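Dropping the structure here:
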């Protein structure tokens, strides 16, 4: 009886430990690794997708306002260019599956969009803005 | 013998100085003619204020942080007298955390605000000189409020809140996220860029003002024959517009005194004016009563900061019209008090007036291409290649020419 009790407790504790380790892995380690491993790549792919989408919209508006063979060809090229978003989308899904949240990915995106904000402070420092 | 030499010397001096004064008089006459022909008007003819009666109470609203629903910021935070009604920094430093307050209840402003970590906006703060005066109907860098020549362009589409362009313009900063509005739960739920959703935000701002500015609200209500509870944001916007028109009206300048014969210009100012109206080609865009044609042009100022479109890109007027002919174009800045509103350009990337002129005539001098990353270099190249219209209008100007134009521009100060 006692042996059964001890065996049961052992199984319970081992199961508990494995679960904790698993949960820790899923909710802490994996997201941490995902951020370390893929954050810069994500920001780069996000820029590429954003750029392609902007170029596509410009080409679409140019074709709408000034339809011609040239602007039509430019639009077709821009549509092909949207394939840059495929890699971005794939990595985004991978990072989400590794436990990062949409909000965290949005934060990475904002960092990428506003990376040049630090140039402004450097400019103010270098040019000694004083009043 | 000495008398003869003295007479000869005297005659020579007389001949030379009379030649100089004849030349000076010719230049003055040429300049006066050109200034008049370009649409310049005396300052007294530019003032209009349909709501003069609430201009003083409009100051209270202009300086009230209750205009900002949740951002602890007023119009005055970014439009400071000591910075020529701008904020003295390249990109606006807008909403931010509590540490932007100083001991005693004031707010940190200008360069200190930027360095203290306020959230940045992608454009340089526009000054207020002459805004809402006669003929001043186009507002913001990309003209997103434009009532000139019978147009009625604004984010309100077919139903602007007022027929007065300045009153409509006053509606925009208070609902611009990060400018005067932080993104909390209430705002996020209404962030759909629809006029109907914006009405709820305006209603909440109006309630805040009624609560926090009771005396000002009473005065506005009295002027409009309403009760305080009936006041809407548009009513407060009229008061702010009245204040802006009154406080920042164009006043007589050295140039105006020159035009009326009360003052003469220095040699540099005169030469600078001749360049401005002559081979410099400045008047081709900087014309009219405010030294702006209120049209949109591409001047390849360096881009500083992340830009309106992110990643260091700012498409300018295109963001309003989606017309590809408007890519990278911005409104011609009016020039009254221009010497007080440094830095210059849509992203404030140029600190001096000399640099601003070089952006038109010799833009490559302002940029160290080797310090740019590949994409920034590509963007700059794209803008340069599309700036041909301006390149065809302006001539090369030497450093001495530029200094003289700057001297002329200083005559527009008051």
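Protein chains in written order, with the numbering used here: chain A, 1 to 131; chain B, 1 to 414.
All C-beta atoms in this analysis are idealised placements derived from N, C-alpha and C, irrespective of residue type, glycine included.
Here the structure is a predicted model, which is why all the values come from computation and not from measurement.
Three-state secondary structure (DSSP) at residue 317 (chain B)? Coil, per DSSP.
Answer with buried or exposed for residue 9 (chain A), where buried requires no fewer than 16 other C-beta atoms within 10 angstroms of its C-beta. It is exposed - the Cβ of residue 9 (chain A) has fewer than 16 other Cβ atoms within 10 Å.
I need the DSSP call for residue 69 (chain A), collapsed to helix, strand or coil. Looking at residue 69 (chain A) - three-state DSSP - the assignment turns out to be helix.
For residue 117 (chain A), go through chain B and note every residue whose CB falls closer than 8 Å to its CB, in chain order. Within 8 Å Cβ-Cβ: 91, 120, 305, 306.
So for residue 249 (chain B), helix, strand or coil by DSSP? Three-state result, residue 249 (chain B): coil.
Which bits of chain A does residue 351 (chain B) rub up against, with CB to CB less than 9 Å? Neighbours of residue 351 (chain B) on chain A, chain order: 123, 127, 129.
Is the region 80-94 of chain A in contact with the region 25-33 of chain A, if contact means three or more CB pairs nearer than 8 Å? Short answer: they don't touch.
Under 7 Å, CB to CB, which of the residues in the region 68-96 of chain A have a partner in chain B? Answer in chain order: no residues at all.
Compute the Euclidean distance between the alpha carbons of residue 377 (chain B) and residue 17 (chain A), then round it to the nearest angstrom. Taking the straight line joining both Cα atoms gives about 55 Å.
Applying a beta-carbon distance threshold of less than 8 Å, which residues of chain A neighbour residue 309 (chain B)? By Cβ distance, chain A contributes 54.
Just the C-alpha distance for residue 253 (chain B) and residue 205 (chain B), rounded to the nearest angstrom, thanks. Whole-angstrom Cα-Cα distance: 38 Å.
Residue ranges of each alpha helix (DSSP H) within the region 118-199 of chain B, 4 or longer: Runs found: 165-170, 185-189.
Would the region 109-121 of chain B count as touching the region 83-94 of chain B if we require 3 or more Cβ pairs under 8 Å? Touching, yes, given that three or more Cβ pairs across the two stretches are closer than 8 Å.
Which residues in chain C sit within 8 Å of residue 50 (chain A), going by Cβ to Cβ distance? Among the chains of the structure shown, chain C does not appear; the protein chains present are A and B.
Taking its Cβ as the centre, do 16 or more other Cβ atoms sit within 10 Å of residue 2 (chain B), making it buried, or is it exposed? With a pLDDT of 49 at residue 2 (chain B), under the threshold of 50, the modelled position of this residue cannot be trusted; read the value that follows with caution. When all chains shown are included, residue 2 (chain B) counts as exposed.
Ordered along the chain, which non-local residues of its own chain (more than five positions away) have a Cβ less than 6 Å from that of residue 129 (chain B)? Within the same chain, 248, 336, 337 come within 6 Å of residue 129 (chain B) by CB-CB distance, once the 5 residues on both sides are set aside.
Check the Cβ-Cβ distances between residue 120 (chain A) and every residue of chain B, and say whether any is below 8 Å. Chain B, which has a Cβ nearer than 8 Å to the Cβ of residue 120 (chain A), makes this yes.
Residues that residue 226 (chain B) bridges to, as DSSP identifies them: Its beta-bridge partners do not exist; DSSP assigns none.
Looking only at its chain, what residues have a beta carbon closer than 6 Å to the beta carbon of residue 63 (chain B), apart from the 5 residues adjacent to it on each side? Hits under 6 Å: 74, 76.
Could you check which residue in B:266, B:368, B:275 has the C-alpha nearest to that of residue 393 (chain B)? Closest by alpha carbon: B:275.
Run down chain B in chain order and give the residues with a C-beta less than 7 Å from the C-beta of residue 40 (chain A). Near residue 40 (chain A) there are no residues of chain B at all, since even the closest Cβ is about 14 Å away, more than 7 Å.
Quick check: the Cα distance between residue 241 (chain B) and residue 164 (chain B), rounded to an integer number of angstroms? Approximately 9 Å between the Cα atoms of the pair.
Taking contact to mean 3 or more Cβ pairs, one atom from each stretch, closer than 8 Å, check whether the region 345-356 of chain B and the region 295-308 of chain B are in contact. Contact holds: three or more Cβ-Cβ distances are below 8 Å.
Output, in chain order, the set of chain B residues within a Cβ distance shorter than 8 Å of residue 62 (chain A). In chain order: 324.
Classify residue 54 (chain B): buried if its beta carbon has 16 or more other beta carbons within 10 angstroms, exposed otherwise. Result: buried.
For the alpha helix (DSSP H) that contains residue 22 (chain A), what are its first and last residues? Its alpha helix (DSSP H) spans residues 2-24.
Inter-residue spacing [alpha-carbon to alpha-carbon] between residue 86 (chain B) and residue 125 (chain B): Distance between the alpha carbons of residue 86 (chain B) and residue 125 (chain B) is about 5 Å.
For residue 344 (chain B), which beta-bridge partners are listed by DSSP? In the DSSP assignment, residue 344 (chain B) is bridged to B:350.
Please decide whether residue 2 (chain B) counts as near chain A, where near means a Cβ-Cβ distance under 8 Å. Model confidence at residue 2 (chain B) stands at a pLDDT of 49, short of 50, so the residue's coordinates are unreliable; what they give is reported in the following sentence. Nearest CB-CB separation between residue 2 (chain B) and chain A: not below the 8 Å threshold.
Does the Cβ of residue 171 (chain B) have 16 or more other Cβ atoms within 10 Å, making it buried, or fewer, making it exposed? Counting Cβ neighbours within 10 Å, residue 171 (chain B) comes out buried, since at least 16 surround it.
So for residue 242 (chain B), helix, strand or coil by DSSP? Secondary structure of residue 242 (chain B) (DSSP, three-state): helix.
Give the secondary structure of residue 54 (chain A) by DSSP, where H, G and I count as helix, E and B as strand, and everything else as coil. The answer is helix: DSSP assigns residue 54 (chain A) an H, G or I state.
Taking 8 Å as the CB-CB cut-off, is residue 108 (chain A) touching chain B? Chain B, which has no Cβ nearer than 8 Å to the Cβ of residue 108 (chain A), makes this no.
Separation of residue 46 (chain A) from residue 311 (chain B), as counted between CA atoms: Cα-Cα distance, rounded: 11 Å.
Do we get a CB-CB distance below 8 Å when we pair residue 45 (chain A) with the residues of chain B? Answer no: the Cβ-Cβ gap between residue 45 (chain A) and chain B never drops below 8 Å.
What's the call for residue 333 (chain B), buried or exposed, on a 16-neighbour Cβ count within 10 Å? Residue 333 (chain B) should be labelled buried.
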